[in-house]
Amino acid sequence: MAKVKKKKLVKTMPEWCKACGICVAFCPVKILKLENDKIVVTDQEKCTNCMLCEMRCPDYAIYLEEQE
Ligand code: SF4
Ligand code: SF4
3 MAKVKKKKLV KTMPEWCKAC GICVAFCPVK ILKLENDKIV VTDQEKCTNC MLCEMRCPDY
63 AIYLEEQE
């Protein structure tokens, strides 16, 4: 049976986030926001796995991870 590839999950490392807002600005579906100067994913379901947040974050504070 063909293996269905699961969507990756957006993970964050809030302690590394410098609240620059770059990922918030780049996310095409606007599901990232800053709360108390830390990055928060508001709606994981809407993520398109475009990887822009991971590619643009200068502090490695946001990344995509394969689901088990
Ligand atoms: S992978 Fe793309 S859609 Fe998903 S949170 Fe990052 S920038 Fe937004
Ligand atoms: S780009 Fe990185 S450091 Fe900047 S707000 Fe997003 S997660 Fe935080």
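Just so it is clear: in the sequence shown, position 67 is 69 by the working numbering, and no numbers are missing. Ideal Cβ placement from N, Cα and C applies to all residues, glycine included.
Item	Value
With distance defined between alpha-carbon atoms, name the residue in Cys29, Lys20, Ile64, Asn51 nearest to Lys10.	Asn51
Taking 8 Å as the cut-off, is the C-beta of Leu36 nearer than that to any heavy atom in ligand 2?	yes
What residues are listed by DSSP as bridge partners for Ile64?	Thr14
In angstroms, rounded to a whole number, what distance separates the CA positions of Thr14 and Lys32?	16 Å
Count the other C-beta atoms from every protein chain shown that fall within 10 angstroms of the C-beta of Ala71, then say buried if there are 16 or more, exposed otherwise.	Absent from the structure is residue 71, since the part of the chain shown begins at 3 and ends at 70.
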